[in-house]
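*Asks:* In this text, residue positions in the sequence shown follow the numbering used here: the first is 41, and each later residue adds one. Here it is: the structure, laid out below.
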Amino acid sequence: MSTSKSKYVYSFGGGKAEGRSDMKELLGGKGANLAEMSSIGIPVPPGFTITTEVCHEYYEGGKKLPEAVKPQVEEALLHVEKIAGKKFGDPKDPLLVSVRSGAALSMPGMMNTILNLGLNDESVEGLAAKTDNPRFAYDGYRRLIDMFGSTAMGVDHEHFEHELTALKKEKNVKLDTDLSAADLKELVKRYKAVYSKHVGEGFPQDPKDQLWKAIMAVFNSWMGNKAVQYRRIERITGLKGTAVNVQAMVFGNTGGDSGTGVAFTRDPNTGEDVFYGDYLINAQGEDVVAGIRTPEPISKLHEEMPKVYGQLMDIRKKLETHYKEMQDIEFTVEKGTLYMLQTRTGKRTGSSAVRIAVEMVKEGLIDEKTALKRVNPDSLNHLLLPQLDPKSKVKAVATGIAASPGAACGKVILSADAAVAHHEAHPNDAILLVRKETSPEDVAGMHLAKGILTATGGKASHAAVVARGWGKPCVVGCDAIHIDEKKGQITIGDQVVKVGDYLTINGTNGDVMVGQVPTVDPSISGHFAELMGWADKTRTLKVRTNADAPADAKKAREFGAEGIGLCRTEHMFFEGQRIVDMRKMILADDTAGREKALSALEPYQREDFVGIFEAMDGLPVTIRLLDPPLHEFLPHDEAGQSEVAKQLGIPVEKVKRRVEQLHEANPMLGLRGCRLPIKFPEIGDMQVRAILEAAIEVKKKGKSVLPEIMIPLVGTVEELAILKKRALAVAEQVFKKHGTKVEFLIGTMIEIPRAALTADQIAEEAEFFSFGTNDLTQLTFGFSRDDIGSFMPAYVDQKILPVDPFQTLDQKGVGQLVEVGTQRGRKARKEKHDQHLKVGICGEHGGDPESVVFCHKVGMDYVSCSPFRVPIARLAAAQAALGNVSRDK
Ligand code: PEP
Ligand code: MG
């Protein structure tokens with residue numbers, strides 16, 4: 041609110057400041073940090089910040105500045121003049137200033153900086169004489185006309201650029217720096233003509249006029265297209281506006297004793313505690329960015345300007361001790377004097393974030409809790425996947441869509457079956473599966489592959505989704521590759537890669553490279569292990585994994601999983617003889633036929649469970665009974681159906697008929713989940729027997745087992761009651777046969793809204809709940825999880841939904857069902873059985889940091905996620921336990 045006492049302008053410089061770093065909302069990030077640096081004795085050119093409140097009032101008042109701003113700016117300018125020892129507009133020795141925008145959150149490129157403000161036809165001569173450097177003075181003036189014209193007055197920068205190019209051509213020179221002082225004077229003339237032509241008046245000669253126009257330009261840029269778009273994309277809301285920073289100019293381009301640079305106080309890629317950055321001698325800031333000259337590494341400054349380097353090292357230390365964070369800084373050296381122009385929290389990679397957080401604890405700068413809060417859990421992804429060896433320099437031959445991060449290198453194989461066969465013959469070979477697209481029948485081959493590359497498909501294609509679930513590198517939609525299965529080769533441009541030749545993919549950026557590019561494997565060690573240890577001490581939520589194979593279970597344990605929250609048994613039916621027996625079961629005419637086929641499948645199931653129980657030695661293992669609709673196990677094309685008929689020794693018509701019979705209009709709402717064993721009880725019986733016999737076998741080997749049998753897609757307590765009774769009867773038989781027992785639980789997934797609402801009834805039968813939030817989201821929204829690709833981007837774009845609810849749990853809607861289900865279930869179980877109902881989540885959300893925080897708040901016992909997200913969930917759970925999370929975006 042505007043009052044005559046409102047303070048709109050905050051000065052800094054000369055070792056003092058009216059602002060502080062915790063005033064970012066009012067002064068913007070840049071202004072607040074300039075003030076802070078100034079007050080802790082770091083050399084900063086003097087200046088002042090006009091607050092974000094002014095921006096707010098400017099728009100509130102119909103684009104008019106509050107009255108009191110003007111006198112406050114005048115006063116602050118006097119203060120700058122006093123410290124700088126120069127006067128703004130002095131024709132002999134002018135004070136020049138820069139004008140920059142700066143909101144509370146960094147909005148790169150919102151408005152270009154205007155430099156050298158205060159120059160005019162007269163003072164440019166003064167500057168030339170004073171510095172004895174007319175070239176420098178006229179170069180500064182022509183830059184001002186360009187920046188002021190394009191940034192403040194809307195003249196297209198191209199018009200100025202055009203004049204520059206034309207002059208260089210006339211003078212027959214290549215570089216801007218080859219132009220002489222006289223040339224630049226001529227350029228000023230031409231720039232002024234451009235300015236007059238497009239603005240309709242001459243370039244303002246009154247420095248104050250320049251200043252006010254520049255200030256207004258910053259405020260106007262707040263509602264400019266670029267800024268509005270940026271805030272929308274980054275979902276930045278609730279900011280008052282931008283501040284304006286006016287600051288005395290210092291020049292890095294006044295000779296060999298001047299320069300400019302950018303640096304990080306630690307290495308932003310590795311996190312190593314070394315000073316990291318670049319500089320250029322005799323240059324202005326934009327020269328470093330423009331890439332015309334190659335900057336030198338900061339370590340070399342030690343030789344060129346030892347005194348300045350020493351000062352910078354002191355400042356580096358001072359800034360880190362003060363901010364207790366890694367900083368990203370900008371500096372300029374003018375005639376041997378160092379000035380800091382900016383400091384802010386530095387952006388960094390996941391591995392760097394971990395190392396910096398842990399080392400800062402060791403250095404006593406921060407405590408463990410702060411370290412845990414600082415690291416964005418998602419950024420750990422970077423540490424968990426095989427990466428291309430950073431030392432390798434192999435170039436990409438094609439680029440597709442980066443579908444699942446990490447790098448993979450292997451021998452090219454063109455079909456899933458061939459991958460299986462190749463693996464049987466050469467189990468140690470790395471395979472790279474290359475397909476036009478993949479389908480559920482390919483999972484066995486996909487699982488054996490180190491990475492997957494497809495010519496078609498997007499981020500939600502089968503290959504992408506399955507690969508992500510496994511943490512397997514994957515590139516999809518790479519239309520530059522042409523697959524010729526007959527010839528056994530692929531072509532990429534004019535390169536031919538034969539089956540068995542090596543190919544490498546980088547799922548982090550979509551690159552495809554010919555040959556064997558070395559990769560490095562992840563492990564949790566060093567700083568990462570230490571941070572994870574602190575997370576485990578802090579969190580109360582347990583973290584389990586979704587895994588269907590012993591190798592995945594083992595990997596997840598290495599990553600800290602405390603059990604399996606979801607073993608999807610259907611994934612065990614796709615390989616080799618198993619799929620044949622599965623199909624026999626599906627094609628059987630009667631119960632006896634089905635039982636025969638099932639008895640062939642049973643040993644495989646038992647074997648798999650033994651492997652998983654052994655890998656998880658002593659940790660709970662939740663095994664879900666068969667869930668998907670049966671048609672997923674049969675091929676839908678003619679050729680595939682004939683092959684099945686041949687394999688099974690039955691007429692192809694019979695296969696076709698069965699596929700037609702199994703066809704459903706909405707298979708996701710059809711015969712699947714618990715409906716399968718309700719209709720075909722023998723399927724459930726076989727699975728329960730296999731689980732319990734495997735448990736007994738492992739127990740006999742002296743290991744402890746904790747099986748949890750999970751019944752999917754339950755909507756009514758009656759379904760669960762029938763299936764539970766049947767499972768208990770099977771258990772009875774198994775225990776009798778083996779003369780021994782194992783402890784086990786029977787529970788259910790809550791993935792149908794009705795189940796969540798009637799959780800009190802269901803909990804009378806269920807010993808645990810696991811929220812299947814994939815299906816629960818699908819059924820609550822009525823969004824088919826396989827078809828959202830066609831509309832979800834539009835939904836997010838139009839802000840109907842903030843994010844894809846299959847990625848981050850919709851707390852407002854689906855979350856209510858989770859909360860209600862948990863509360864009602866827990867209460868009923870306590871009242872009826874005096875037992876604690878174990879509650880977890882096994883939908884994809886179990887590995888999403890924001891959703892994990894929600895699960896913690898709801899009071900779940902555990903979250904379960906894919907092996908590669910286990911460390912991410914451990915850290916997110918720790919952050920949830922710590923409350924307020926204050927990490928960088
Ligand atoms: C779920 O629905 O959340 C779930 C874990 O099961 P699936 O994804 O296998 O349907
Ligand atoms: Mg489900």
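Think of the CB as a built atom: it goes at the ideal place given N, C-alpha and C, for glycine as much as any other residue. This one's a predicted model, so the numbers in the text were calculated from it and none came from an experiment.
For a test of your reading of the model: does the CB of Cys882 fall under 6 Å from any non-hydrogen atom of the ligand PEP? Yes or no.
*Replies:* Within the cutoff, so yes.
*Asks:* How big is the Cα-Cα spacing for Gly180 and Leu204?
*Replies:* Spanning the two alpha carbons is a distance of roughly 14 Å.
*Asks:* Can you list, in chain order, the stretches of the alpha helix (DSSP H) that have 4 or more residues and sit fully within the region 411 to 483?
*Replies:* As far as the region 411 to 483 is concerned, its whole alpha helix (DSSP H) runs of at least 4 residues are 421 to 424, 456 to 465.
*Asks:* Identify, in the order they occur along the chain, each residue of the same chain with its Cβ nearer than 7 Å to the Cβ of Asn309, setting aside the five sequence neighbours on each side.
*Replies:* Cβ within range, chain order: Thr389, Ser392.
*Asks:* In the DSSP output, which residue or residues are listed as bridge partners for Ile790?
*Replies:* Paired residue(s): Phe811.
*Asks:* Let's see if you can read the secondary structure: which residues bound the beta strand (DSSP E) around Ser261?
*Replies:* Run containing Ser261: none in the beta strand (DSSP E); it sits in the alpha helix (DSSP H), 247 to 262.
*Asks:* I believe Ile731 touches Ile663 by the beta-carbon criterion, under 8 Å. Please report the beta-carbon distance rounded to the nearest angstrom.
*Replies:* At roughly 5 Å, the Cβ-Cβ gap stays under 8 Å, so Ile731 and Ile663 are in contact.
*Asks:* Is the region 252 to 261 close to the region 226 to 240, with three or more CB pairs under 8 Å?
*Replies:* Not touching, per the Cβ criterion.
*Asks:* Would you tell me roughly how many angstroms separate the C-alpha atoms of Gly331 and Lys433, rounded to the nearest one?
*Replies:* For Gly331, the predicted model reports a pLDDT of 47, less than 50, meaning its position is unreliable and no value from the coordinates is stated.
*Asks:* In or out: Asp928 buried (at least 16 other Cβ within 10 Å) or exposed?
*Replies:* Confidence at Asp928 is low in this model, with a pLDDT of 41, below 50, so the placement of that residue is unreliable and no value is reported for it.
*Asks:* Would the region 434 to 445 count as touching the region 546 to 561 if we require 3 or more Cβ pairs under 8 Å?
*Replies:* Yes: at least three Cβ pairs fall under 8 Å.
*Asks:* Between which residues of its own chain and Asp800 is the CB-CB distance below 6 Å, once the five residues before and five after are set aside?
*Replies:* Taken in chain order, the residues that qualify are Arg864, Ala868.
*Asks:* Which complete beta strand (DSSP E) runs does the region 640 to 667 hold, if anything under 3 residues is left out?
*Replies:* Listed in chain order, they are 660 to 664.
*Asks:* Are there any heavy atoms of the ligand MG lying less than 6 Å away from the beta-carbon of Asp827, as far as the coordinates show?
*Replies:* No; taking the cut-off as 6 Å, the Cβ of Asp827 has no heavy atom of the ligand MG nearer than that.
*Asks:* Could you spell out where the alpha helix (DSSP H) holding Asp318 opens and where it closes?
*Replies:* Segment 316 to 321 is the beta strand (DSSP E) holding Asp318; no alpha helix (DSSP H) there.
*Asks:* Looking at the structure shown, is Ser42 part of a helix, part of a strand, or coil, going by DSSP?
*Replies:* Here the model assigns Ser42 a pLDDT of 49, short of 50, so the residue's position is not dependable, and the following value carries that caveat. In the structure shown, Ser42 sits in coil (DSSP, three-state: anything other than H, G, I, E or B).
*Asks:* In terms of alpha-carbon separation, which member of Arg508, Gly511, Val537 lies closest to His522?
*Replies:* Ranking Arg508, Gly511, Val537 by Cα distance to His522 puts Val537 first.
*Asks:* Do you know offhand how far Ser190's Cα is from Leu159's?
*Replies:* C-alpha separation (whole angstroms): 17 Å.
*Asks:* Given Glu672, which residues of its chain have a CB within under 7 Å of its CB, disregarding the five upstream and five downstream residues?
*Replies:* Excluding sequence neighbours, Glu672 sits near Pro480.
*Asks:* Use the C-beta contact count for Ile82: other C-beta atoms within 10 angstroms, 16 or more gives buried, fewer gives exposed.
*Replies:* Classification of Ile82: buried, given that the 10 Å Cβ count is 16 or more.
*Asks:* Less than 6 Å separating the Cβ of Gly787 from some heavy atom of the ligand MG?
*Replies:* Every heavy atom of the ligand MG is 6 Å or more from the Cβ of Gly787, so no.
*Asks:* Name the two residues that bound the continuous beta strand (DSSP E) containing Ala303.
*Replies:* Ala303 -> beta strand (DSSP E) spans 299 to 304.
*Asks:* For the alpha helix (DSSP H) containing Val583, name the first residue and the last one.
*Replies:* Premise fails: Val583 lies in the beta strand (DSSP E), 582 to 586, not in any alpha helix (DSSP H).
*Asks:* Measuring only from the beta carbon, is Asn814 closer than 6 Å to any heavy atom that is part of the ligand PEP?
*Replies:* For the ligand PEP, at least one heavy atom lies less than 6 Å from the Cβ of Asn814.
*Asks:* Whole angstroms are fine: how far does the CA of Lys211 sit from the CA of Ser261?
*Replies:* If I take the Cα positions, the gap works out to 37 Å.
*Asks:* Whole angstroms are fine: how far does the CA of Asp457 sit from the CA of Val684?
*Replies:* If you take the alpha carbons of Val684 and Asp457, they lie about 14 Å apart.
*Asks:* Rounded to a whole number of angstroms, what is the C-alpha to C-alpha distance between Val84 and Leu207?
*Replies:* Roughly 37 Å between the two C-alpha positions.
*Asks:* How would you write the range of the alpha helix (DSSP H) that Ile626 sits in, first residue to last?
*Replies:* Unbroken alpha helix (DSSP H) run through Ile626: 616 to 627.
*Asks:* Determine the DSSP secondary structure at Phe188, reduced to helix, strand or coil.
*Replies:* Phe188 falls in the helix class under three-state DSSP.
*Asks:* Considering only the alpha carbon of each residue, which of Val879, Leu670, Gly240, Ile545 lies closest to Met708?
*Replies:* Ranking Val879, Leu670, Gly240, Ile545 by Cα distance to Met708 puts Leu670 first.
*Asks:* Compute the distance between the beta-carbons of Ser298 and Lys375, then report whether it is under 7 Å.
*Replies:* Result yes, Cβ atoms of Ser298 and Lys375 sit closer than 7 Å.
*Asks:* Name the one or two DSSP bridge partners that Thr2 has.
*Replies:* Past the edges of the chain, shown from 41 to 929, lies residue 2, and the structure says nothing about it.
*Asks:* Among all the DSSP beta bridges, which residues are the ones paired with Ile154?
*Replies:* According to DSSP, Ile154 bridges with Val139.
*Asks:* Name the DSSP bridge partner or partners of Leu493?
*Replies:* Leu493 is bridged to Val474, Val515.
*Asks:* Going by C-alpha distance, which of Asp657, Glu700, Asp815, Val754 is nearest Lys741?
*Replies:* Ranking Asp657, Glu700, Asp815, Val754 by Cα distance to Lys741 puts Asp657 first.
*Asks:* What is the residue span of the beta strand (DSSP E) that Thr544 lies within?
*Replies:* Run containing Thr544: 542 to 546, per the beta strand (DSSP E) assignment.
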